[in-house]
Amino acid sequence: MNNKKFINESLFGSRTTHDLTSQAFEIKKNNFGSNITYSPKVFIPLTTLCQDSCAYCTFVKSPNEGGTYLNMQEVESIALVGEASGCFEALFTLGDKPELKWKFALQELNNFGYSSTHEYLTANMKNIHENYNIFPHANPGLMTSDEISEYRKYSPSGGLMLESFSPQLLEQGRAHYKAKTKRIELRIETLNQAEIFRYPMTTGLLIGITETKEELINDIIELVKICKANSSIQEIILQNFRAKMNTLMRNNAEVTNDLFLRIIATVRILLPNHISLQVPPNLLSDVAIYLTSGINDFGGISPKTIDWVNPDHLWPDIKNLEESVLNTGQSLKKRLPVYPNFINNEWLSPLVFEKVSNVIDSDGYPRNE
Ligand code: SF4
């Protein structure tokens with residue numbers, strides 16, 4: 211059966227959801243054992259300015275709405291809180307090169323002594339890498355090869371969501387109409403550069419921003435193709451779109467639990483086995499039903515900072531989550547922002563490899579200290 215037919219039947223055919231997720235759960239157990247991992251992290255919203263304006267985004271702000279940059283001291287205080295609360299990941303979340311749109315962004319950068327968001331982000335990553343027991347991981351939007359080379363000196367991994375392959379999303383009134391960095395060929399090019407420069411990447415789909423079955427099926431087909439072709443992809447996030455007040459997409463439908471479970475299981479069955487599959491637990495209406503769907507990871511969960519991208523959705527309580535995971539015969543386990551199979555001299559720069567090696571056990575997970 212070709213992938214298109216398989217995906218169509220998995221998502222919309224007569225096979226039961228339980229049957230499908232059972233197959234995916236077996237694959238998960240065979241390749242990731244009985245652990246479900248998460249990365250204890252702090253969110254660092256380096257800048258809420260962005261050159262784009264996606265129809266579902268509440269993170270981004272114009273200068274008039276208070277969009278700005280954190281200064282280095284503010285970044286350091288968040289890193290310090292993260293370090294003190296046992297986090298391993300400093301997640302730099304930021305808009306894509308806002309200085310290309312806003313003069314104000316360039317002025318702010320100049321005031322700090324930098325000429326681009328990339329330079330400023332690199333300086334902050336370097337500072338966190340050298341002075342704190344926490345690992346920078348950044349989602350700065352599109353990245354050039356030179357930018358990737360700089361980031362990988364100080365961080366074990368980076369992130370760029372593909373979101374969707376549908377060209378219709380760039381049309382007027384759709385999610386990416388005012389978002390030229392969301393053109394899929396540009397995002398694929400960043401992932402290609404990450405592979406060339408050996409930088410482990412997290413990517414994935416935003417499920418629910420498309421409207422038709424064909425778009426959804428095509429997104430899964432193309433995602434799987436890229437995962438098979440690009441060795442830098444360490445994990446896939448399947449993020450379910452949540453409608454937010456005060457956005458153009460506030461009335462758009464959210465994916466149902468049943469369809470989302472079928473999507474997760476289908477992706478797990480088709481993905482290369484070594485790639486981690488994550489769903490963000492704070493966006494799920496019922497975490498328990500996803501524990502045996504084929505996922506092996508919950509991504510970053512913060513004990514201290516809100517989810518800046520989905521501020522209405524609180525993190526689950528870790529104790530409760532641990533209990534729910536235990537009830538399925540699995541264990542909740544902490545991980546670093548880089549997966550064990552990428553912890554080596556090929557994928558990490560010498561300094562990052564040394565820092566990572568100092569905190570892991572023989573399985574590549576953070577030691578229990
Ligand atoms: S590119 Fe990212 S930060 Fe910018 S508007 Fe879109 S979702 Fe928001």
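Numbered according to my numbering, the sequence shown spans residues 211 to 579.
For every residue, glycine included, the Cβ atom is placed at its ideal position computed from N, Cα and C.
Computed from a prediction, not measured in an experiment: that's the story for all the values here.
Query raised in the report: What do you get for residue 255, buried or exposed, if any count of 16 or more other CB atoms within 10 angstroms of its CB means buried?
Result: With 16 or more other Cβ atoms within 10 Å, it is buried.
**Report entry** Beta carbon of residue 318 nearer than 8 Å to that of residue 268
**Finding:** Contact: no.
Query raised in the report: Which partner residues does residue 300 have in the DSSP bridge list?
Result: In the DSSP output, where bridge partners are listed per residue, residue 300 has 252 and 346.
Query raised in the report: Using a threshold of 7 Å, is the CB atom of residue 295 nearer than that to any non-hydrogen atom of the ligand SF4?
Result: Residue 295 Cβ: outside cutoff for every heavy atom of the ligand SF4.
Query - Nearest-angstrom beta carbon gap, residue 378 and residue 425 [assumed within contact, 8 Å] - result: That pair is a contact at about 7 Å.
**Report entry** Sequence-distant residues of the same chain with beta carbon closer than 8 Å to residue 423, five excluded per side
**Finding:** Closer than 8 Å at Cβ, skipping near neighbours: 218, 221 and 222.
Query raised in the report: With 16 other CB atoms within 10 Å as the buried threshold, where does residue 309 fall?
Result: Sixteen is the threshold: when 16 or more other Cβ atoms of the shown chains lie within 10 Å of the Cβ of residue 309, as they do, the residue is buried.
Query - Close Cβ partners of residue 322 (< 8 Å) along its chain, the five nearest in sequence each way excluded - result: 279, 281, 282 and 330.
Query raised in the report: What three-state label does DSSP hand residue 375 in the structure shown?
Result: Residue 375 carries a coil assignment under DSSP once its states are collapsed to helix, strand and coil.
Query raised in the report: So, is residue 460 buried or exposed, given that buried needs 16 or more other C-beta atoms within 10 angstroms?
Result: Under this definition residue 460 is an exposed residue.
Query raised in the report: Between 562, 572, 405 and 216, which lies nearest to residue 354 when the distance is taken from Cα to Cα?
Result: Selected option, being the one with the closest Cα: 405.
Query raised in the report: What is the DSSP secondary structure of residue 242, counted as helix, strand or coil?
Result: In the three-state scheme derived from DSSP, where H, G and I count as helix and E and B as strand, residue 242 is classed as helix.
Query raised in the report: residue 418 and residue 344 look like a contact to me (Cβ under 8 Å); what is the Cβ gap, rounded to whole Å?
Result: Contact flag wrong, Cβ pair sits at about 32 Å.
Query raised in the report: Hey, out of 469, 485, 512 and 517, whose CA is closest to residue 500's CA?
Result: Checked all of 469, 485, 512 and 517; the closest Cα to residue 500 is 469.
**Report entry** Limits of the unbroken alpha helix (DSSP H) element including residue 534
**Finding:** Counting along the chain, the alpha helix (DSSP H) containing residue 534 begins and ends at 528-536.
Query raised in the report: Of the choices 564, 502, 302 and 556, whose alpha-carbon is the least far from that of residue 234?
Result: Ranking the options by Cα distance to residue 234, first place goes to 502.
Report task. Can you check DSSP and say which residues form a bridge with residue 445? Result -> 412 and 486.
Query raised in the report: Does the region 224-239 come within contact of the region 469-481, defined as at least 3 CB pairs closer than 8 Å?
Result: In this structure the region 224-239 touches the region 469-481; the number of beta carbon pairs closer than 8 Å is three or more.
Query raised in the report: What are the start and end residues of each continuous alpha helix (DSSP H) run of 4 or more residues lying completely inside the region 445-526, in chain order?
Result: Whole alpha helix (DSSP H) segments, 4+ residues: 467-480.
Requested in this report: Identify every residue that forms a DSSP beta bridge with residue 279.
Outcome: Bridge partners of residue 279: 257.
Query - Cβ neighbours of residue 242 in the same chain (closer than 7 Å, five flanking residues each side left out) - result: Taken in chain order, the residues that qualify are 506.
**Report entry** Cut-off 6 Å between Cβ atoms - residues of its own chain near residue 271, not counting five sequence neighbours on either side
**Finding:** Excluding five sequence positions before and after residue 271, the CB atoms of its chain that fall closer than 6 Å to its own CB belong to 258 and 277, given in chain order.
Query - 8 Å contact criterion, which residue 485 and residue 446 should meet: CB distance rounded - result: Between residue 446 and residue 485 the Cβ distance is about 6 Å, and since that is below 8 Å, they are a contact.
Report task. Go through its chain and collect everything with a Cβ distance to residue 481's Cβ below 6 Å, but skip five positions before and after it. Result -> Excluding sequence neighbours, residue 481 sits near 437.
Report task. May I ask you to report which of helix, strand or coil DSSP gives residue 354? Result -> Per DSSP, reduced to three states, the secondary structure at residue 354 is coil, with no helix or strand assignment.
Query raised in the report: Assuming residue 562 and residue 366 make a contact with CB atoms under 8 Å, what is their CB distance in whole Å?
Result: So it is a contact: roughly 5 Å between Cβ atoms.
Report task. Could you check how far apart the C-beta atoms of residue 265 and residue 384 are, in whole angstroms? I think they sit under 8 Å. Result -> With 8 Å as the limit, residue 265 and residue 384 qualify as a contact, their Cβ atoms being about 7 Å apart.
Report task. Give every residue of the same chain whose Cβ lies closer than 8 Å to the Cβ of residue 302, excluding the five residues on either side of it in the sequence, and list them in chain order. Result -> In its chain, beyond the 5 residues on either side, 254, 256, 331, 334, 335, 346, 347, 348, 349 and 350 have a beta carbon closer than 8 Å to the beta carbon of residue 302.
Query raised in the report: Taking 7 Å as the cut-off, does the CB of residue 376 come closer than this to any heavy atom belonging to the ligand SF4?
Result: Not so, every heavy atom of the ligand SF4 lies at least 7 Å from the Cβ.
Requested in this report: Would you kindly work out how many angstroms separate the C-alpha atoms of residue 557 and residue 409, rounded to a whole number?
Outcome: Taking the straight line from one Cα to the other gives about 6 Å.
Report task. Report the rounded CA-to-CA distance for residue 441 versus residue 395, giving the unit in angstroms. Result -> Distance between the alpha carbons of residue 441 and residue 395 is about 18 Å.
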